[in-house]
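Asker: Numbering (our numbering), first residue to last: 18 to 397.
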């Protein structure tokens, strides 16, 4: 099998990112990046990259600068066998030596790697998790992932809504909390009062850049509310701050969505000591690299939870990773109402009544793109 073409599709949402005035569901990112890898066998692989689409397109189609060290990824992949996921991962990594071995290059590699696994599993006629080696779970508990509302009453309304839909856990991030962390106790107390003792509540968003003692004080205020984890209270590269903070509070600390490759996650685990390792499959290096990171987290006695804040394509890839893993914690389920998040697939992923998500049965990722939606919102 050979790769014959790679298409980078840029979609533009009709909405502006953030929480609308009526405190309804959050709007997702203004743009979306979808990859489609075509082969001479007629099998296509797809992926959704949670990164800047225009930068992804530029790195995909860039001409050769220096052979081997600096080339556009499309240039090195046409004619290759997509089933050789390990070899292609390192070929892409080497070809981006001058692009920078972290950041945007790894994001693009991640999407391509996901698409290759989609192709490999389709060629085998099995779901992606089976192609990776295991389908240990049929369902994964989901948490509703949304933005912090502006008032305590709006927080209560949101919790009531998500609980009614069947969620047993919800994460509120950024918004009014990051704008003023001192409001955390007020806003999350309202969420806890509405949720009762059985629903898990998570908190996400920078508290401070470098003032670890201030972050610890805010987190201690949340501890009486039984917050399941506090996510990214510090910038992700402040490893010394994370290690210090983890020893000052009892609440679980989660971080990692902005990092890439096993190399950064090994350093995060060793130096930052988070309780929960968070990686985004479309940013960390793809499904190939995510498996390495899960193994490292387990060996260090850490939990993990994939970050997934875009469409059902990324949710499906993350579900397959969770199904492959032995001890998954949650599946983040983005409740953004943007059509570029929610309407991309003909077979959308739906929440079960018990608050779980079914792992797609495949083959491949098990999702089908809606070509009409792609045409409607495509801008390149």
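Backbone N, C-alpha and C fix where the C-beta goes; we use that ideal spot for every residue, glycine too.
Here the structure is a predicted model, which is why all the values come from computation and not from measurement.
Give the range of the beta strand (DSSP E) segment to which residue 54 is assigned.
Answerer: Unbroken beta strand (DSSP E) run through residue 54: 48-56.
Asker: Can you tell me which of 126, 55, 242 and 331 puts its alpha carbon nearest to the alpha carbon of residue 88?
Answerer: 126
Asker: Can you check which of these residues, 396, 128 and 179, is closest to residue 216 by C-alpha distance?
Answerer: 179
Asker: Give the C-beta separation of residue 365 and residue 138 to the nearest angstrom, bearing in mind that I take them to be a contact with Cβ-Cβ under 8 Å.
Answerer: With 8 Å as the limit, residue 365 and residue 138 do not qualify as a contact, their Cβ atoms being about 20 Å apart.
Asker: In this structure, what does DSSP give as the bridge partners for residue 181?
Answerer: Answer is none; residue 181 lacks a bridge partner.
Asker: Among 340, 251 and 298, which residue has its Cα nearest to the Cα of residue 154?
Answerer: Measuring from the Cα of residue 154, the nearest candidate turns out to be 340.
Asker: What are the residues that DSSP puts in a beta bridge with residue 269?
Answerer: 246
Asker: Please state the DSSP three-state secondary structure of residue 162.
Answerer: strand
Asker: Measure the CB-CB distance between residue 103 and residue 91 and report whether it falls below 7 Å.
Answerer: no
Asker: Within the present structure, is the beta-carbon of residue 267 separated from the nearest heavy atom of the ligand SAM by less than 6 Å?
Answerer: You won't find the ligand SAM in this model; it holds no ligand whatsoever.
Asker: To the nearest angstrom, how far is it from the Cα of residue 283 to the Cα of residue 310?
Answerer: 8 Å
Asker: Measuring only the C-alpha atoms, how far is residue 82 from residue 117?
Answerer: 14 Å
Asker: Within 10 angstroms of its Cβ, does residue 107 collect 16 or more other Cβ (buried), or is it exposed?
Answerer: exposed
Asker: Rounding to the nearest angstrom, what Cα-Cα distance links residue 314 and residue 41 in this structure?
Answerer: 36 Å
Asker: Check whether the stretch 365-376 and the stretch 46-53 are in contact - that is, three or more C-beta pairs closer than 8 Å.
Answerer: Between the stretch 365-376 and the stretch 46-53, the count of C-beta pairs closer than 8 Å stays below three; the two stretches do not touch.
Asker: Entirely within the stretch 251-316 and at least 4 residues each: give me those alpha helix (DSSP H) ranges in chain order.
Answerer: 256-263, 278-284 and 303-316
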